[in-house]
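S.K.: Residue numbers (my numbering): 2 to 269. By construction, the Cβ of each residue, glycine as well, lies at the ideal position given by its N, Cα and C atoms. Input: one structure, supplied below.
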Amino acid sequence: MSAVLSKRARSVKFKRLTKLESNCLHTKRCPESSTLKLQDFTKHLHAINTNTFKPLSLDYGANQLHSGLRDGSDVDKLLRKLLERFKNVNFAFGYGSKVFPQGKDVDVSNSQIDMILAVRDPVSWHEYNILKNGADYSSLKYLGPRAVSYVGKLGAGVYFNPFVNVTVDGVPLELKYGVTSKESIVDDLTNWSTMYLAGRLHKPVAILEKDPMLILLNQYSLTSAFKTVGSSALVQSVKGILTAGVARSFKYAMAKRAKYKQSTKKSV
């Protein structure tokens, strides 16, 4: 598609890649084939001619977008309205069974919506968010944004505010959102350091705020995961899930049948 676009049109349609993004694209580094750490990328930039890189196609990374959220569905609109509570978010996605109902309708008024927000500077971001949405935080906020950011760096590198009461279009619901740095997601996608964020992005997510670098690295992470597992093991896993699902459904149906028989006997 990009081949038929004029040079001027491409400059409008495509966002220019940073040196780090271009380096990732050029070297095709992925967790499966390289142990090169994120901080080592900058050491090789002098050998990279970024002027030779071609722009990404318009549909690059489209497979990362869930089909049910591409046409402005109710869930998509809900998540975007929740995202309006926050400023200066570089990358955001919703996840979990409330975002992707598993075979049944979900009453969002009695649900906790899960979201992850990635920002460039967690300290500054928390400083502003505490002023705007201070009720979201625990008593840790009284120690200041640096303390909140420090706690967020521990473990998987995500600070969560759970059980946040919000109202969207008159509907009350609960929100749980995690705040992480863009650097933490880049590191996990590149090196699979904790697999918390990278592993979450291996599953269905509703990407709301896109970032060219993270879309690029997530594409490599998804590809690496498939190559690491292998097609045969993947097929066996899918078969196992389907078999377990059928067995669970049969067990549920039999239990329901037994319960019905027992109730009819009592009524007689």
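Hey, quick one: how far does the alpha helix (DSSP H) through Asp77 stretch, first residue to last?
M.R.: By one-based count along the sequence shown, residue 77 stands at place 76. Where Asp77 is concerned, the enclosing alpha helix (DSSP H) stretches over 75 to 84.
S.K.: Using the Cα positions of Tyr197 and Tyr129, report the straight-line distance between them to the nearest angstrom.
M.R.: Within the sequence shown, the letter at position 196 stands for residue 197. Within the sequence shown, the letter at position 128 stands for residue 129. So the alpha carbons of these two residues sit roughly 26 Å apart.
S.K.: Scan the stretch 92 to 147 and note each continuous alpha helix (DSSP H) run of 4 residues or more that stays entirely inside, going in chain order.
M.R.: With a minimum length of 4 residues, the continuous alpha helix (DSSP H) runs that stay inside the stretch 92 to 147 are 123 to 133.
S.K.: For Lys177, list the residues DSSP reports as bridge partners.
M.R.: Here residue 177 is taken as the residue at index 176 of the sequence shown, counted from 1. BP columns for Lys177 point to Asp115.
S.K.: Looking only at C-alpha atoms, which of Thr181, Val180, Phe164, Tyr151 sits nearest to Pro173?
M.R.: Looking up residue 173 in the sequence shown gives position 172. Looking at the Cα atoms, Phe164 is the closest of the given residues.
S.K.: Is there contact here, the stretch 200 to 214 with the stretch 89 to 100, by at least three beta-carbon pairs under 8 Å?
M.R.: Judged by Cβ distances under 8 Å, the stretch 200 to 214 makes contact with the stretch 89 to 100, as three or more pairs qualify.
S.K.: Give the secondary structure of Leu215 by DSSP, where H, G and I count as helix, E and B as strand, and everything else as coil.
M.R.: Along the sequence shown, read from residue 1 onward, the residue named residue 215 stands at position 214. Of the three classes helix, strand and coil, the one that applies to Leu215 here is helix, per DSSP.
S.K.: DSSP three-state call for Thr224: helix, strand or coil?
M.R.: The count along the sequence shown starts at 1 and reaches residue 224 at position 223. Reduced to three states, the DSSP call for Thr224 is helix.
S.K.: Leaving out five residues before and five after Leu218 in sequence, what residues of the same chain have Cβ atoms less than 7 Å from its Cβ?
M.R.: For the purposes of this step, residue 218 is taken as the residue at position 217 of the sequence shown. Only Cys25, Val187, Leu190, Thr191 meet the Cβ criterion.
S.K.: Is the number of C-beta pairs between the stretch 146 to 155 and the stretch 75 to 89 that are closer than 8 Å three or more?
M.R.: The stretch 146 to 155, when compared against the stretch 75 to 89, does not touch it at the 8 Å Cβ threshold.
S.K.: Among the candidates Asp122, Asn134, Val120, Thr168, whose CA atom is the shortest distance from the CA of Asp114?
M.R.: As a working mapping, residue 114 is identified with position 113 in the sequence shown. The sequence as given places Ile at residue 114; Asp does not occur at that position. Minimum Cα distance to Ile114 is reached at Thr168.
S.K.: With DSSP as the reference, please indicate the residues paired to Val172 in a beta bridge.
M.R.: Your numbering for residue 172 matches position 171 in the sequence shown. Per DSSP, Val169.
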